[in-house]
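Presented below is the structure to which this report refers.
In this note's numbering, the protein residues as written are -3 to 405.
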């Protein structure tokens, strides 16, 4: 009877206030770390205005007000709720930005969990003398980095009374939100009733200690590598990000992956840019990983530009419209992937995978409609246990944030 009730409830609400996750999301996301962003806003405004504009933004981008529910064995969906996100306003700190420890502020951000019944999006506001810190914790179950970028940009527009881009209708709830206490408990089992794989993932995430390190890259260094690559072969045209990833891989692979003889680099491909049926303002997860594998012996022997060029070719092969159309399609509930892709593209392996992401657009204040007189993005985490994230600091300096399960030597 319980199964019949479940099916009837789901059939009635699919596409209204329930959206199922894709096969990839079901495989990868439950129990994982959220994205974490810390920004500083120094334009004079009231905390009430910040809160009101945030709530309005959540209303328009309604996936950010949802919770995870379990609809079958190892199958999950998002359910649209009136209280699917958390707003946390912490007490005023009597100091200025120049005198504050950013690491202390990062610890104050309220984190979310990608588990049934838990909020998937949380904002933490921390006012100080000369501005306001805003911390965001966002589960990948509802959004990728591009979605979050659209959300932040729209939040700023709404707060200032400017026009803002509406999200694509391709993956939004069509019905009204419900109160969380109206969601039947059959859809929100405790952690103990979830699969062993998810339970182990949660234990691993909670117990792991991550180490981080920054590397800075000058224009002179990047241009030198590009020139060496062209002298070797005219077709060796490589980007700054490919050079930076290759440099980090060559320098740190023995430290961040000491127990493996091969390493897979996963670089996210934005499907919005490739698939003709996907809107550019699609909200949700719209990426697929390009996988490039190296043995440790290859990394040691190859030059930086040789590694970069292999990386480039791998990404080009994945950013192929025909390939993307073969593995994914747009269903009435959002992007869906074909089930046989796991035969060729296995899900994350924490022992061999390094996740690489280009976050320079988040560090570029102009891309958010901000200037240095208004605010800055101070930090953006990677949900991976080992990864590289490229950002830009004020003044345009490029740096890479490296995270690892192992301490750096």
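Idealized CB from N, CA, C, for every residue including glycine.
About 7 Å separates the beta carbons of residue 206 and residue 400, which is inside the 8 Å limit, making them a contact pair. Excluding five sequence positions before and after residue 111, the CB atoms of its chain that fall closer than 7 Å to its own CB belong to 26, 27, 64, 187, given in chain order. Taking the CA atoms as reference points, residue 255 sits about 51 Å from residue 44. When the five nearest sequence neighbours on each side are left out, the beta carbons in the same chain lying within less than 6 Å of the beta carbon of residue 171 are those of 12, 13, in order along the chain. If you look at residue 153, you'll find it isn't in any beta strand (DSSP E); it sits in the alpha helix (DSSP H) that goes 141 to 155. At the C-beta level, residue 53 and residue 150 come within 8 Å of one another. As DSSP reads the structure, residue -1 sits in no beta bridge. Excluding its 5 nearest sequence neighbours in each direction, residue 126 has C-beta neighbours in its own chain below 8 Å: 38, 92, 93, listed in chain order.
Counting the other Cβ atoms within 10 Å of the Cβ of residue 271 gives 16 or more, which makes it buried. Bridge pairing for residue 112: 64 [DSSP].
Of the residues assessed, residue -1 falls on the exposed side of the cut-off, its CB having fewer than 16 other CB atoms within 10 angstroms. Between residue 118 and residue 128, the CB-CB gap reaches or exceeds 8 Å. The criterion of a C-beta distance shorter than 8 Å is satisfied by residue 238 and residue 304. In this structure, the beta-carbon distance from residue 145 to residue 161 does not fall below 8 Å. Bridge pairing for residue 31: 134 [DSSP]. From the listed residues 381, 69, 308, 404, the smallest Cα separation to residue 200 is found for 381.
The Cβ atoms of residue 324 and residue 384 do not sit closer than 8 Å to each other. DSSP places residue 15 in the uninterrupted beta strand (DSSP E) bounded by 14 to 16.
In this chain, residue 198 is not harboured by any beta strand (DSSP E); it is covered by the alpha helix (DSSP H) spanning 192 to 203. Minimum Cα-Cα distance from residue 148 among the listed residues 220, 62, 56 corresponds to 56.
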